[in-house]
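Since the structure comes first, as structure tokens, the remarks are kept for the end.
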RNA sequence: GUGGCCGUAGCUCAGUUGGUUAGAGCGCCAGGUUGUGGCCCUGGAGGUCGGGGGUUCAAGUCCCCUCGGUCACCCCA
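In our numbering, the protein residues as written are 100 to 534.
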């Protein structure tokens with residue numbers, strides 16, 4: 100065992116297995132970009148206050164925060180999620196609305212790692228500020244759905260719910276609390292003493308005791324005020340109109356308690372592990388104001404990169420591996436040709452690699468083969484003396500010389516317009532690895 | 001924070017009731033082919049048996065502690 104290792108709950112994505120990451124991020128970028136969302140980059144750490152506003156009673160804030168006092172005496176925290184940072188940036192910079200942003204990056208939560216759960220994990224997500232139009236909810240939910248579809252992931256369940264707003268949530272909360280208090284003794288041990296703290300949580304409890312009691316509990320969706328009911332109706336109607344299959348899950352209560360009205364989750368039914376939420380989000384019409392900004396409705400989602408990659412492995416569909424090399428230079432005539440040719444071809448837009456350390460021809464050809472390159476460009480003493488390069492097709496074996504000056508042109512012709520599609524693929528054993 | 005299972009070469013693993021210099025396959029490097037990969041043959045490099053302590057004439061093997069991994073609870077991405 101090496102002395103120095105990555106910290107618990109973190110991991111390396113090695114060059115040989117980073118293809119799916121790149122594929123996933125570029126797919127997300129183009130999906131969000133096509134809908135008018137633009138990249139936002141915010142700090143990975145913030146003043147701890149940015150995150151405590153997202154809900155003092157949530158586990159994320161209470162016990163999972165990676166916070167510390169820095170050398171300047173500031174109490175900061177590595178972000179446990181990105182939404183709070185985006186809201187902070189929105190308030191700080193006051194952009195004109197509607198304001199639509201997407202992001203990708205690390206998040207940190209101090210928890211015991213397990214399948215699909217890490218201390219540093221990655222999310223991609225979008226946030227849209229300044230509109231309470233239910234059709235924006237539909238756009239956001241659909242974007243996430245389409246993202247999974249574009250990756251070819253099968254078996255995603257879309258769960259939607261409405262948590263109401265300031266007008267109808269308190270009344271419902273009281274109604275639910277009355278119902279639960281009457282059955283308090285039959286709830287699970289955990290919730291028996293915490294009903295008043297957050298009655299909605301009980302609905303989400305997975306224990307048998309609670310489930311039995313909450314089966315007939317009043318539901319928020321049945322107790323929405325007129326405007327929330329109309330909003331939710333428009334959202335579900337929109338999803339139906341766009342043929343996005345969803346299921347109303349009245350017990351869906353998300354972990355961050357800033358959500359209002361629409362909440363949703365993408366559940367991976369293909370995952371064997373118990374962490375099967377691929378992503379989730381909702382509307383948070385009160386958060387901007389709660390964090391000191393102007394009253395501004397907003398909606399967004401976050402999707403877990405690791406879990407989505409797990410889902411890709413589980414469904415057996417993998418993103419196309421990245422293109423490999425066009426050519427690999429084999430030079431055993433001193434190295435000048437390798438040095439010059441790689442530069443020339445790379446500047447011309449080709450993907451080219453070479454060997455170093457003056458290795459034997461055999462070793463260099465072996466390296467060329469392993470690189471997945473389509474052609475080997477061979478320069479030995481004979482070719483060097485004649486100012487030639489031998490182009491060898493690595494899939495077959497035939498080889499013929501061309502003049503040094505004709506190399507680029509000839510190679511381009513042989514590659515067939517140099518399209519990416521002409522590159523050989525390669526299997527990626529790392530695709531089914533976790534993460 | 002709590003619990004189950006697991007730590008032997010880069011990877012996947014074997015190692016007999018504790019008993020001599022700890023093995024295999026794959027991978028890597030070299031040679032077979034004075035200049036040619038993918039197949040084959042031969043050879044080589046690579047290990048404080050996660051770490052520490054204990055029991056014993058003797059520990060990879062048994063005991064304790066610790067670190068790490070993994071899965072689950074909780075919660076969530």
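Yeah, the Cβ is synthetic: ideal placement off N, Cα and C, and Gly gets one too.
This one's a predicted model, so the numbers in the text were calculated from it and none came from an experiment.
- In this structure, the straight-line span from the alpha carbon of residue 429 to that of residue 173 is close to 56 Å.
- Under the three-state reduction of DSSP output, residue 483 falls in the helix class.
- With contacts defined as CB atoms closer than 8 Å, residue 108 and residue 218 qualify as a contacting pair.
- About 7 Å separates the beta carbons of residue 347 and residue 260, which is inside the 8 Å limit, making them a contact pair.
- In this structure, the CA atom of residue 340 is about 13 Å from the CA atom of residue 233.
- Just so you know, the alpha carbons of residue 471 and residue 424 end up roughly 6 Å apart.
- Per DSSP, the unbroken beta strand (DSSP E) holding residue 222 starts and ends at 219 to 228.
- Taking the C-beta atoms as reference points, residue 398 is found nearer than 8 Å to residue 235.
- Beta-bridge analysis with DSSP links residue 207 to 219.
- Residue environment analysis places residue 105 among the exposed positions, since fewer than 16 neighbouring C-beta atoms fall within 10 angstroms of its C-beta.
- Under the DSSP assignment, residue 364 falls in the beta strand (DSSP E) whose first and last residues are 359 to 367.
- As the crow flies, the alpha-carbon of residue 246 is around 12 Å from that of residue 132.
- Distance from the Cα of residue 477 is smallest, within the candidate group 441, 116, 165, for 441.
- A residue is called buried when at least 16 other Cβ atoms come within 10 angstroms of its Cβ; residue 170 does not meet this threshold and is exposed.
- Looking at 487, 514, 515, the one whose alpha-carbon comes closest to that of residue 504 is 487.
- For residue 439, the three-state secondary structure derived from DSSP is helix.
- Pairing residue 262 with residue 120, the inter-Cα distance amounts to about 34 Å.
- The three-state secondary structure of residue 499, taken from DSSP, is strand.
- DSSP links residue 491 through a beta bridge to 475, 498.
- Between the alpha carbons of residue 129 and residue 239 lies a distance of about 14 Å.
- Secondary structure of residue 190 (DSSP, three-state): helix.
- The three-state secondary structure of residue 146, taken from DSSP, is strand.
- Annotation: the continuous beta strand (DSSP E) that includes residue 382 extends over 376 to 382.
- Its chain contains 160, 355, 356, 357 as the residues whose beta carbon lies nearer than 8 Å to that of residue 154, once the 5 sequence neighbours on both sides are disregarded; these appear in chain order.
- With 16 or more other Cβ atoms inside 10 Å of its own Cβ, residue 361 counts as buried.
- Taking a C-beta distance under 8 Å as the contact criterion, residue 445 and residue 451 qualify as a contact pair.
- Around the beta carbon of residue 301, 16 or more other beta carbons lie within 10 angstroms, which makes this residue buried.
- The closest CA to that of residue 350, considering only 299, 368, 393, 312, is found on 299.
- In this structure residue 184 is buried. Its beta-carbon is surrounded by 16 or more other beta-carbon atoms within 10 angstroms.
- Contact check between the stretch 325 to 343 and the stretch 276 to 291: fewer than three CB pairs, one atom from each, fall below 8 Å, which does not count as touching.
- Here the stretch 396 to 410 lies against the stretch 369 to 377, with 3 or more beta-carbon pairs under 8 Å apart.
- For the 8 Å CB-CB criterion, residue 250 and residue 123 form a contact.
- Residue environment analysis places residue 379 among the buried positions, since at least 16 neighbouring C-beta atoms fall within 10 angstroms of its C-beta.
- Check the Cα spacing between residue 212 and each of 189, 253, 110: the tightest is with 110.
- Beta-bridge analysis with DSSP links residue 345 to no other residue.
- Rounded to the nearest whole angstrom, the C-alpha separation of residue 181 and residue 220 is 12 Å.
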